[in-house]
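Written below as structure tokens is the structure these notes are about.
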Amino acid sequence: MKTKKTLRIVLSLLKSFLVIFLTFFTLFFFTSVFTYFYFAQDLTTKESIMNRSDTGLVLLDRQEKPFFYFYQAKVKTFTPLSQIPSYLQQAIIVSEDKDFYKHPGFSLRGIIRSVILDIKERRFAYGGSTISQQLIKNSLLTFRKDFLRKVQEVVLALELERNYSKKEILEMYLNSVYFGKGAFGVEQASEAYFGKKARDLTLAESSFLVSLLPAPSDFSNDNLDRYKARQKNILQKMVDQGYISEKQKENAKKQKLTFKSSEEYNSIGIHFALMVRDRLVKSFGEENIIRSGFKVKTTLDPDWQKFAEETVKNNVENLRVSGASNGSAVVINPKTGEVKALVGSYDWYDEEFGKYNVSTSLRQPGSSFKPIYYSAAFEKGIITPATILQDRPTDFGGGYKPKDYDGRYRGPVTVRRALSNSLNIPSVEVMSKLGIDQALEMAQRLGLTTLTNTSDYGLSLALGAGEVRLLEMTSAYAVFANNGMKNDIAFMLEIKDKEEKKIYSYKPKNENILDSKYAFLISSILSDNQARAEVFGNTLTISKPAAVKTGTTEDYRDAWTIGYTPSLAVGVWVGNNDNRPMNSIAGSLGAAPVWRSLMEKFSEGTNIETFDPPNGIVIGSVCRSFELSSKAATSSGGFREYFVQGTEPDYLCSTRVNNGSQNRSPSVVKTIPQVPATSIPSPVNSTNIPSFPTQTPINTIVPTSTVTSFLSPTFTPSISP
């Protein structure tokens, strides 16, 4: 009885399983059939497959006027398979789909591999496509990436194989696949890269064209070796599969490839336009951009761009006699992050120097890096603008003994004086107290992406020994201009597709990454014309209040000037692409003239803006040493300075009486919140200021004796301004 009961249970379970299985199988079958026929109807004629729409890309300036066109429609050509070299056909097969003549349109193994990759990457990577799938994807489908599109791709590939022979599919593919440089199909590619007909391509040229397919948009003379390596790999596969001999492979590897010169552009803002295109290609893929019909409203101001290009070019031509050959400038609106002008090189049409985009190239910033870590030191409470630093001969360890640009040692100096006059030794002192890790952390917060590994740098980072980009440095200074609020670097305001549907609209983030109090302290010091006059005179002064900092690297290889108002940030670089030294061209001489011209021009007709102290900033009186004239002193016997509330000094000032003895003033220092900067006497005219000893808190002060200036008899200049 027990056995029969068990048997009935087993049979019942089997019956239930069978019903469930048949139900799911039926649903799967009809769903698959429905899906197949639903998507299969999208496959049209051979002519429709080949008649893709390449509507190109139009860039508009901020006034919505077209200024640049990419991928203008080329005359479509169809080359019969009989006129395409067999080398090229074979190279395509071994590289893209070695089982092309065996599979039914898709590769199950390739799909599984693609699914695994998608899971690992957590995105639709879309690897593992056969030639048939690639043809469908490139000719009929949108650039949407999801599971349903992948199903559609497979179904249409099956239908393609059912309707056309392998020869016809390969022929269509070779006439439609994208090779870069706006070239679809082998005929356009042969002309674009080698200036010849497809039928005349050699084995070396054929295999090289195929090497482009995995990343056609990335090709440039700078990464030619990467594509040559792919070419060699393809040639080896052709040997392995019996298409060519070992001797043919070696001859092809030895053949020197002669490329057709790149097309020229005739427009303003060429580097700007190329950067916009590259961003779009990164987001959508170049093939999709070519077919997109996108109209992109950019941030470019055409009048500003023209003026910036002319100014940079004239400046570089004037500096050629001093060994400078290139220049770059970036103009950003700090309130939005919009790039309103960008000059990548002094002249795009200069074959030797023009194509190099300095604004995104890695260069050492020199002293223009100082405000980055000074802001971190303010934030950490390590310094105030009145903190005394020592400008004396100092060994910071390991024999590192920095010097100032003029060989002088000024003794005790305030932070304001040290930063505004770009003094090196006090700045290294700030870096040593702050720590390299904290300096890099602030640099990254401000948007400098190239300074990441603490172990790569020593204290020379204080003088700009790391490599940064002019574009990112200008954006970092824009954070100071915008009261500590950071915006993304923006090139595009709006994107519309070919149906005029808006698919993107820029919105400034205004992310608060630095307390406005510390941003203000930097702006207060960098905009203090009187404070920096000791070193720079009036070379950095313009008609409206502006903060500015220069930078010069060792042997005068780089000259920088970056400055701003609350609504305008301008960065300028001058030097040589190959890092050759210039002849004594410092930032204040090489880059500053361009900076002044751009700042004056772009602020014409605008209201005067000042850097107003935010809540939490107070003014405190700081004691001077007794050698100073009473004319510069305040009623409390010192000078006045900005402080973050709670860090201001609280002490009694000392004075000197006729017999030389020191006595205490009866009045205690007072603090006054919210006083405009213009009402505060600058302390820069004094050479002797009481010192905040490094061992004592920043809110204490002691008197100092006369500051001695030293000039080393064996001085070798250390670049700063």
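Going by my numbering, the sequence shown opens with residue 741, and the numbers climb by one from there. Cβ coordinates follow ideal geometry from the N, Cα and C atoms, glycine included.
Answer yes or no: do Tyr827 and Leu943 have a C-beta to C-beta separation smaller than 8 Å?
Position 87 of the sequence shown, counted from the start, is the residue given in the question as residue 827. Position 203 of the sequence shown, counted from the start, is the residue given in the question as residue 943. Closer than 8 Å, so yes.
Pairwise C-alpha distance: Ile974 and Ser752:
Residue 752 sits at position 12 when you count from the first residue of the sequence shown. Residue 974 sits at position 234 when you count from the first residue of the sequence shown. Answer to the nearest angstrom: the Cα atoms are 59 Å apart.
If you reduce the DSSP assignment to three classes, tell me which class Glu1078 lands in.
The residue given as residue 1078 occupies position 338 in the sequence shown. In the structure shown, Glu1078 sits in a strand (DSSP, three-state: E or B).
Who are the Cβ neighbours of Ile1176 in its own chain at under 8 Å, not counting the five residues just before and after it?
Looking up residue 1176 in the sequence shown gives position 436. Once the five neighbours on either side are set aside, the close Cβ partners of Ile1176 are Thr1194, Tyr1197, Gly1198, Leu1199, Leu1201.
Flag this pair as yes or no: are the beta carbons of Ile871 and Tyr841 separated by less than 8 Å?
On the sequence shown, position 131 is the one that residue 871 refers to. On the sequence shown, position 101 is the one that residue 841 refers to. Taking 8 Å as the cut-off, the Cβ atoms of Ile871 and Tyr841 do not count as close.
Which partner residues does Ser1068 have in the DSSP bridge list?
As a first step, residue 1068 is located in the sequence shown; it is residue number 328 there, counting from the start. Ser1068 is bridged by DSSP to Trp1313.
Apart from the five residues on each side of it in sequence, which residues of its chain come closer than 8 Å, Cβ to Cβ, to Ile1253?
Locating residue 1253 in the sequence shown gives position 513, where the first residue counts as 1. For Ile1253, where only same-chain residues beyond five positions count, the Cβ hits under 8 Å are Arg1185, Leu1186, Val1219, Gly1224, Met1225, Lys1226.
Does DSSP put Ile909 in a helix, in a strand, or in coil?
Counting from one through the sequence shown, the residue named residue 909 turns up at place 169. In the three-state reduction of the DSSP assignment, Ile909 falls in the helix class.
Measuring alpha carbon to alpha carbon, tell me which of Tyr1086, Lys877, Lys906 ends up nearest Leu896.
Against the sequence shown, residue 896 aligns to sequence position 156. Leu896 has its Cα closest to that of Lys877, out of Tyr1086, Lys877, Lys906.
In chain order, which continuous runs of the alpha helix (DSSP H) of length 4 or greater are located wholly inside the stretch 1008 to 1066?
List check, alpha helix (DSSP H) in window: 1010 to 1024, 1026 to 1032, 1042 to 1059.
Given this structure, state the Cα-to-Cα distance separating Leu1040 from Val1079, to the nearest angstrom.
Here residue 1040 refers to the residue found at position 300 of the sequence shown. Here residue 1079 refers to the residue found at position 339 of the sequence shown. Straight-line measurement puts the Cα of Val1079 at about 7 Å from the Cα of Leu1040.
C-alpha distance - Asn1425 paired with Arg1380, whole-angstrom precision:
As a first step, residue 1425 is located in the sequence shown; it is residue number 685 there, counting from the start. As a first step, residue 1380 is located in the sequence shown; it is residue number 640 there, counting from the start. Residue placement at Asn1425 is flagged as unreliable, the pLDDT there being 35, under the threshold of 50; the coordinate-derived value follows with that caveat. Between Asn1425 and Arg1380, the C-alpha separation is close to 13 Å.
Straight-line CA distance for Thr1387 to Gly1121?
Residue 1387 sits at position 647 when you count from the first residue of the sequence shown. Residue 1121 sits at position 381 when you count from the first residue of the sequence shown. Taking the straight line joining both Cα atoms gives about 8 Å.
Beta carbon of Thr1292 nearer than 8 Å to that of Ala1332
Counted from its first residue, the sequence shown places residue 1292 at position 552. Counted from its first residue, the sequence shown places residue 1332 at position 592. Against a cut-off of 8 Å, the Cβ pair of Ala1332 and Thr1292 comes out as no contact.
Under a Cβ-count criterion, where at least 16 other Cβ atoms within 10 Å of its own Cβ denotes burial, should Leu754 be classed as buried or exposed?
Position 14 of the sequence shown, counted from the start, is the residue given in the question as residue 754. With fewer than 16 other Cβ atoms within 10 Å, it is exposed.
Which partner residues of Phe808 appear in the DSSP bridge assignment?
Position 68 of the sequence shown holds residue 808. According to DSSP, Phe808 bridges with Leu799.
Say whether the stretch 1298 to 1308 touches the stretch 1333 to 1348, bearing in mind that this needs 3 or more beta-carbon pairs closer than 8 Å, one atom from each stretch.
With contact defined as three or more Cβ pairs closer than 8 Å, the stretch 1298 to 1308 and the stretch 1333 to 1348 are in contact.
Considering only the beta carbon of each residue, do Thr1190 and Leu1102 sit closer than 8 Å?
Stepping through the sequence shown from its first residue, residue 1190 is reached at position 450. Stepping through the sequence shown from its first residue, residue 1102 is reached at position 362. In this structure, Thr1190 places its C-beta atom within 8 Å of the C-beta atom of Leu1102.
Which of the three DSSP states, helix, strand or coil, is assigned to Ile984?
Here residue 984 corresponds to residue number 244 of the sequence shown, with the count starting at 1. In this structure, Ile984 counts as coil in the three-state DSSP scheme.
Are the stretch 1262 to 1270 and the stretch 1156 to 1165 in contact at 8 Å, needing three or more beta carbon pairs?
By the C-beta criterion, the stretch 1262 to 1270 is judged to be in contact with the stretch 1156 to 1165, since at least 3 inter-stretch pairs fall below 8 Å.
Counting Cβ pairs, one atom from each stretch, are 3 or more of them under 8 Å apart for the stretch 1350 to 1365 and the stretch 1092 to 1112?
Taking 8 Å as the limit for Cβ pairs, the verdict is that the stretch 1092 to 1112 does not touch the stretch 1350 to 1365.
Where do the ends of the beta strand (DSSP E) carrying Lys1289 lie?
Looking up residue 1289 in the sequence shown gives position 549. Segment 1287 to 1292, the beta strand (DSSP E) holding Lys1289.
Assigned secondary structure, Val1409 (DSSP; H/G/I helix, E/B strand, else coil)
Locating residue 1409 in the sequence shown gives position 669, where the first residue counts as 1. Note that Val1409 scores a pLDDT of 36, beneath 50, so its modelled location is shaky; the value from the coordinates is reported in the next line. It is coil, neither helix nor strand.
Only counting the same chain, and skipping five residues up and downstream in sequence, which positions put a Cβ closer than 6 Å to that of Ile1235?
Your numbering for residue 1235 matches position 495 in the sequence shown. Close CB contacts of Ile1235 within its chain, under the 6 Å cut and outside five residues either way in sequence, are with Phe1034, Val1036, Ile1243, Tyr1244 (chain order).
Can you have a look at Ile760 and say buried or exposed, based on whether 16 or more other CB atoms are within 10 angstroms of its CB?
To locate residue 760, count along the sequence shown from 1; it is residue 20. Here Ile760 is exposed. Its C-beta has fewer than 16 other C-beta atoms within 10 Å.
Excluding the five sequence neighbours on either side, which residues of its own chain have a C-beta within less than 8 Å of the C-beta of Ser1007, listed in chain order?
As a first step, residue 1007 is located in the sequence shown; it is residue number 267 there, counting from the start. Within the same chain, Ser1007 has close Cβ partners Phe807, Phe808, Ala1013.
Mind checking whether Ser1160 and Trp1300 have CB atoms under 8 Å apart?
Here residue 1160 corresponds to residue number 420 of the sequence shown, with the count starting at 1. Here residue 1300 corresponds to residue number 560 of the sequence shown, with the count starting at 1. Taking the C-beta atoms as reference points, Trp1300 is found no nearer than 8 Å to Ser1160.
Cβ neighbour criterion (16 or more within 10 Å) applied to Asp1318:
The residue given as residue 1318 occupies position 578 in the sequence shown. Sixteen is the threshold: since fewer than 16 other Cβ atoms of the shown chains lie within 10 Å of the Cβ of Asp1318, the residue is exposed.
Flag this pair as yes or no: are the beta carbons of Tyr918 and Pro956 separated by less than 8 Å?
For this step, residue 918 is matched to residue 178 along the sequence shown. For this step, residue 956 is matched to residue 216 along the sequence shown. Taking 8 Å as the Cβ cut-off, Tyr918 and Pro956 qualify as a contacting pair.
Rounded separation between Pro1074 and Ser1215 - CA only:
As a first step, residue 1074 must be located in the sequence shown, where it is residue number 334. As a first step, residue 1215 must be located in the sequence shown, where it is residue number 475. One C-alpha to the other measures close to 8 Å.
Element boundaries [alpha helix (DSSP H), containing Arg1185]
Within the sequence shown, residue 1185 is the residue found at index 445, counting from 1. Element bounds for Arg1185: 1176 to 1185.
Does DSSP put Thr1281 in a helix, a strand or coil?
The sequence position of residue 1281 within the sequence shown is 541, counting from 1. Here Thr1281 sits in coil by DSSP.
Segments of 3+ residues assigned as beta strand (DSSP E) that fall wholly inside the stretch 1204 to 1251:
Complete beta strand (DSSP E) runs here, min 3: 1232 to 1236, 1242 to 1245.
Opposite Arg1150 in the DSSP bridges: which residues?
In the sequence shown, residue 1150 corresponds to position 410, counting from 1. According to the DSSP secondary-structure assignment, Arg1150 is paired through a beta bridge with no residue.
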